[in-house]
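Protein chains in written order, with this note's numbering: chain A, 4 to 234; chain B, 4 to 234.
Note that beta-carbon positions come from the ideal geometry of N, C-alpha and C, so glycine has one too.
Number of protein chains: 2
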Amino acid sequence: MTPKAKQAIERADVIVGYATYVKLIESLIKPDAEVISGHMGREVERARTAVTHALENKQVVVISSGDAGVYGMAGVVLEVAAVENAEVPIEIVPGVTAATAAAAKLGAPLVSDFAVISLSDLLTPWNVIEKRLEAAAEADFVIVLYNPQSPGRTEPLARAHEILLRHRSPETPVGIVRLAGRYGEETAVTTLKAMVDAEINMVTTVIVGNSTTYIVDKRIVTPRGYNLFQA
Amino acid sequence: MTPKAKQAIERADVIVGYATYVKLIESLIKPDAEVISGHMGREVERARTAVTHALENKQVVVISSGDAGVYGMAGVVLEVAAVENAEVPIEIVPGVTAATAAAAKLGAPLVSDFAVISLSDLLTPWNVIEKRLEAAAEADFVIVLYNPQSPGRTEPLARAHEILLRHRSPETPVGIVRLAGRYGEETAVTTLKAMVDAEINMVTTVIVGNSTTYIVDKRIVTPRGYNLFQA
Chain A
4 MTPKAKQAIE
14 RADVIVGYAT
24 YVKLIESLIK
34 PDAEVISGHM
44 GREVERARTA
54 VTHALENKQV
64 VVISSGDAGV
74 YGMAGVVLEV
84 AAVENAEVPI
94 EIVPGVTAAT
104 AAAAKLGAPL
114 VSDFAVISLS
124 DLLTPWNVIE
134 KRLEAAAEAD
144 FVIVLYNPQS
154 PGRTEPLARA
164 HEILLRHRSP
174 ETPVGIVRLA
184 GRYGEETAVT
194 TLKAMVDAEI
204 NMVTTVIVGN
214 STTYIVDKRI
224 VTPRGYNLFQ
234 A
Chain B
4 MTPKAKQAIE
14 RADVIVGYAT
24 YVKLIESLIK
34 PDAEVISGHM
44 GREVERARTA
54 VTHALENKQV
64 VVISSGDAGV
74 YGMAGVVLEV
84 AAVENAEVPI
94 EIVPGVTAAT
104 AAAAKLGAPL
114 VSDFAVISLS
124 DLLTPWNVIE
134 KRLEAAAEAD
144 FVIVLYNPQS
154 PGRTEPLARA
164 HEILLRHRSP
174 ETPVGIVRLA
184 GRYGEETAVT
194 TLKAMVDAEI
204 NMVTTVIVGN
214 STTYIVDKRI
224 VTPRGYNLFQ
234 A
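Pasting the structure below:
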């Protein structure tokens with residue numbers, strides 16, 4: 004979290020967020036602030052609640068984990084405010100997204116071009132996701148998978164794994180980070196072949212190397228292309 | 004910058020970094036710390052200097068702008084330490100990368116899958132960059148361009164523009180942010196057709212929307228797919 008995000012939370016009259024995320028920042032909330040924590044999957048409702056309170060001239064903060072602009076609440080809040088013709092000033096405060104938080108723990112897998120793909124097919128049709136996986140795999144992007152798997156949704160990751168294996172060596176380094184940057188964080192470095200054996204759930208970020216990615220002292224590095232032996 | 008990055012800088016005995024970036028954090032550096040600021044293009048040399056000082060049991064901080072793991076110094080430091088068999092503990096501290104800092108200023112362009120591509124062909128062959136542009140454009144990724152253009156290197160952006168226009172509507176929203184998150188920041192919202200008329204240089208981040216990206220109250224939003232009119 005940046006100091007700017009922290010400050011916004013500390014000053015908020017109203018905090019709106021998915022309960023799990025609100026809990027993470029509880030200690031920063033003003034004692035007299037109103038906390039409205041909702042359920043996963045109620046994003047539009049939460050955005051509306053936030054806009055309604057902002058129209059009452061309250062300082063409202065909507066919480067997302069990581070960066071609010073990466074699969075987070077930023078878009079839906081702007082959209083809801085526009086649909087409702089609500090003239091309230093809206094500021095998006097960036098944060099450290101799971102891709103770069105996870106990358107830092109794994110080494111330096113994202114020092115070259117990369118693609119970020121969510122495997123959740125709740126809001127994006129699977130054929131679109133599949134096309135993106137194919138394209139990113141073929142063009143040798145490092146690939147970051149968000150929302151890779153949940154108890155009721157294991158098929159997308161299995162399909163993604165097949166696609167990736169068609170384009171990359173089974174020995175390609177893969178990094179798996181659970182709860183990137185949060186309490187209970189766990190990191191594993193494995194290979195494309197073996198990644199399916201790892202414990203992967205909704206709080207996991209998976210980073211699949213490109214054809215040049217290699218292991219440097221147990222960490223994953225995608226070389227930028229420097230000549231390490233230059234004078 | 005995160006509090007963790009700030010703390011690391013404040014505690015450092017030695018600061019190594021490209022002069023322009025060192026200047027940005029000058030006020031945080033201990034008065035008795037040694038500052039070694041070098042030139043752009045001397046990344047391997049800087050990594051070696053950092054490793055050498057770390058071997059003398061000094062706390063060394065290597066500065067990158069944005070996130071050190073995204074086209075930054077993280078990889079080369081790990082690689083140089085390995086090549087030199089230097090057994091020094093290395094920690095990568097993540098930050099807010101230009102993609103998400105710029106996105107926040109523009110609205111919410113990255114709320115769907117996106118690809119990050121550097122147009123600098125100094126270290127990556129142009130044919131690889133071109134293949135990635137084609138793939139990302141065709142698979143409808145939102146596309147973030149790093150290092151889009153410098154005074155002596157204007158061809159890559161012109162070529163990228165052609166490729167993008169082959170796959171996307173000329174009216175596709177494009178966001179241009181100079182000095183994202185830094186002093187002197189400037190933001191412009193334009194279209195794919197008109198983007199070449201904007202002032203674009205090395206400190207500029209360009210975000211090209213996908214086929215669903217639209218303008219919401221002068222800001223760029225890529226919808227996540229929520230039904231805004233749900234009960």
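As assigned by DSSP and simplified to three states, the class of residue i
i                 : result
Pro-92 (chain B)  : coil
Ile-28 (chain B)  : coil
Glu-87 (chain A)  : coil
Thr-157 (chain A) : coil
Gly-69 (chain A)  : coil
Ala-234 (chain B) : Annotation note: pLDDT 48 at Ala-234 (chain B) (below 50); position unreliable, no value reported.
Val-99 (chain A)  : coil
Pro-6 (chain A)   : helix
Arg-45 (chain A)  : coil
Thr-55 (chain B)  : helix
Gly-212 (chain B) : coil
Leu-126 (chain B) : coil
Gly-78 (chain A)  : helix
Ala-105 (chain B) : helix
Ala-138 (chain A) : helix
Val-131 (chain B) : helix
Cβ separation of residue i and residue j, assumed to be a contact under 8 angstroms, to the nearest whole Å
i                 : j                 : result
Leu-81 (chain A)  : Ile-93 (chain A)  : 6 angstroms
Leu-31 (chain B)  : Lys-9 (chain B)   : 6 angstroms
Val-131 (chain B) : Ile-210 (chain B) : At roughly 21 angstroms, the Cβ-Cβ gap does not stay under 8 angstroms, so Val-131 (chain B) and Ile-210 (chain B) are not in contact.
Val-47 (chain A)  : Tyr-229 (chain B) : 5 angstroms
Val-38 (chain B)  : Val-54 (chain B)  : The Cβ separation is near 17 angstroms, so there is no contact.
Ile-203 (chain A) : Gln-152 (chain A) : 5 angstroms
Ala-89 (chain B)  : Leu-58 (chain B)  : 6 angstroms
Ser-40 (chain A)  : Asp-143 (chain A) : Not quite, the Cβ-Cβ distance comes to about 42 angstroms (not below 8 angstroms), so this is no contact.
C-beta atoms of residue i and residue j nearer than 8 angstroms
i                 : j                 : result
Thr-5 (chain B)   : Val-99 (chain A)  : yes
Arg-49 (chain B)  : Val-65 (chain B)  : yes
Gly-78 (chain A)  : Ala-118 (chain B) : no
Leu-148 (chain A) : Leu-125 (chain A) : no
Ala-138 (chain B) : Ala-139 (chain A) : yes
Val-96 (chain B)  : Lys-7 (chain B)   : yes
Thr-225 (chain B) : Gly-212 (chain B) : yes
Arg-14 (chain A)  : Ser-115 (chain A) : no
Leu-113 (chain B) : Val-73 (chain A)  : yes
Ile-179 (chain B) : Ala-163 (chain B) : no
Ala-104 (chain B) : Gly-155 (chain B) : no
Glu-174 (chain A) : Leu-182 (chain A) : no
Met-198 (chain B) : Val-177 (chain B) : yes
Val-17 (chain A)  : Lys-61 (chain A)  : yes
Counterpart residues of residue i in DSSP-defined beta bridges
i                 : result
Tyr-149 (chain A) : A:Ser-121
Arg-222 (chain B) : B:Val-219
Ala-111 (chain B) : B:Val-224
Thr-207 (chain B) : B:Arg-181
Glu-37 (chain B)  : B:Val-17
Val-64 (chain A)  : A:Ile-18
- [ ] Just list the beta strand (DSSP E) runs in the region 155–201 of chain A, keeping only unbroken ones of 3 residues or longer that don't cross its boundaries, in chain order.
- [x] Complete beta strand (DSSP E) runs here, min 3: 176–181, 189–194.
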